[in-house]
Amino acid sequence: MRRLALVLLATCAVPALAGRKPVARNAILVIGDGMGLAQVTAGLVRGQLRLESPVVGLSKTFSSRQLVTDSAAAATALACGVKTKNGAIGVDAAGRRVPALVELARLKGMRTGLVVTSSITHATPAAFYAHQISRKNDEAIARDLVTSGLDLFIGGGRRFFDRRSDGCDLMAELEAAGYELVTDPRGLAAAKEPRLAGLVAEEDLPTITSGRGPYLPDAVGTSLSRLPGPKGFFLMVEGSQVDFGAHDHDASRTIAEILDLDLAIARALDFARRDGETLVVVTADHETGGIALTSGSLEKSTVEARFGTKEHTATMVPVFAFGPGAESFAGIYENTGVFDRIRSALGL
Ligand code: MG
Ligand code: ZN
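Encoded structure:
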């Protein structure tokens, strides 16, 4: 299985290893899907976010051809460092495979993980391991995950593994590839095998306002207890449903998702402060909803939001960085610059 993954990698246009000297041993990339500056500000008013006094930058989220990106092109920019067409996963605008941070990190012997609140086959996580022309190919994306070599992944999307139109049982294939399968989030922390496949929902996890509980921060905690090792690790964490709340024009749910993501960020920052060798980057793939904060009360910690669209917008999104290599994240750059800076900090 390992050999197969390497063969697949060889078909990617893997850039020559630059041999750059790493400044960070580990990197944690936190993506709030749809988390623009208004969303972050609303979170700050509602409850003291942990994003205090880091290095801050701004990322231009345009895709290869469109002013307003979708989550697939945006995730491909963050994960693979190339601008592509909306809808594309881990391939460039001409449809050619491009290697993701997860793959580059594995080539260096680092351990890798993904934690999300959507289906693990959803556009954002998919760009970190899959190479598909369309984000809609959930079953093909699930197939790519089986051979990805990821040390752990935690999210939903079980139905793309165990109830497939091709009749294949990818749950069995994951087990054959050495993964411990966990389908109940309460079982994640107790997993013992070196590889962990957490498929804890049929598709997306419940929203934070309908009983998801501390799943996300706990899953990040589990990941941070499993991934550290002598060659370092790369972990991507996504607050997938900040975007869903904004698409639905539900301000309180959007903010609740941000506050939940902030608890996960707190776990990452606590780890990074203790560790001293971990770069933490918090950003968004794009803004969703065109949110304007038009009124509210500092005294009561309330905020009123108006939505300008049901879709995404082209507004730049913030990038917050902590730890070794963080200073390079100051300034204004393309979303592909987030990939470039993480890659450079890890010496990939
Ligand atoms: Mg997403
Ligand atoms: Zn969206």
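Read left to right, the sequence shown gives residues 185 to 532 (my numbering). Every residue, glycine too, gets a C-beta built ideally from N, C-alpha and C.
{"Asked": "Listed in chain order, which residues are found with a beta carbon closer than 5 Å to a heavy atom of ligand 1?", "Found": "Asp217, Ser255, Thr308, Ser424"}
{"Asked": "Compute every distance between the C-beta of Asp353 and the non-hydrogen atoms of ligand 2, then say whether any falls below 7 Å.", "Found": "no"}
{"Asked": "Is His306 near ligand 2, in the sense that its beta carbon is under 7 Å from a heavy atom of that ligand?", "Found": "no"}
{"Asked": "Secondary structure at Phe130, three-state DSSP: helix, strand or coil?", "Found": "Nothing about residue 130 can be read from this structure; the chain reaches only from 185 to 532."}
{"Asked": "Taking 8 Å as the threshold (C-beta atoms), are Arg281 and His315 in contact?", "Found": "yes"}
{"Asked": "Which whole-angstrom value is the C-beta distance of Leu291 and Phe337, which I expect to be below 8 Å?", "Found": "In fact, because the Cβ distance is near 18 Å, the residues do not count as touching under 8 Å."}
{"Asked": "I want to check one thing, is the minimum distance from the CB of Thr472 to the heavy atoms of ligand 2 below 7 Å?", "Found": "yes"}
{"Asked": "Which ranges would you report for the alpha helix (DSSP H) in the segment 307–342 if only whole runs of at least 4 residues count?", "Found": "307–310, 322–330"}
{"Asked": "From the DSSP output, which residues share a beta bridge with Lys244?", "Found": "Glu518"}
{"Asked": "Using beta-carbon positions only, say whether Gly492 and Thr486 come within less than 8 Å of one another.", "Found": "no"}
{"Asked": "Examine ligand 2 and report whether any of its heavy atoms sits within less than 7 Å of the Cβ of His496.", "Found": "yes"}
{"Asked": "Of the residues Leu443, Leu447, Ile439, which one's Cα is nearest the Cα of Pro401?", "Found": "Leu447"}
{"Asked": "Over what stretch of residues does the beta strand (DSSP E) that includes Ser255 continue unbroken?", "Found": "Segment 255–264 is the alpha helix (DSSP H) holding Ser255; no beta strand (DSSP E) there."}
{"Asked": "Can you say whether Leu482 is buried or exposed, counting buried as having 16 or more other CB atoms within 10 angstroms of its CB?", "Found": "exposed"}
{"Asked": "Using C-beta distances below 6 Å, list every residue in its chain close to Thr497, excluding the 5 sequence neighbours before and after it, in chain order.", "Found": "Glu471, Gly474"}
{"Asked": "By how many angstroms is the C-alpha of Ser424 removed from the C-alpha of Ala263?", "Found": "15 Å"}
{"Asked": "Out of Gly531, Arg490, Arg451, state which residue places its alpha-carbon closest to the alpha-carbon of His433.", "Found": "Arg490"}
{"Asked": "Just to confirm before moving on: does the CB-CB distance between Ala468 and Gly231 stay below 8 Å?", "Found": "no"}
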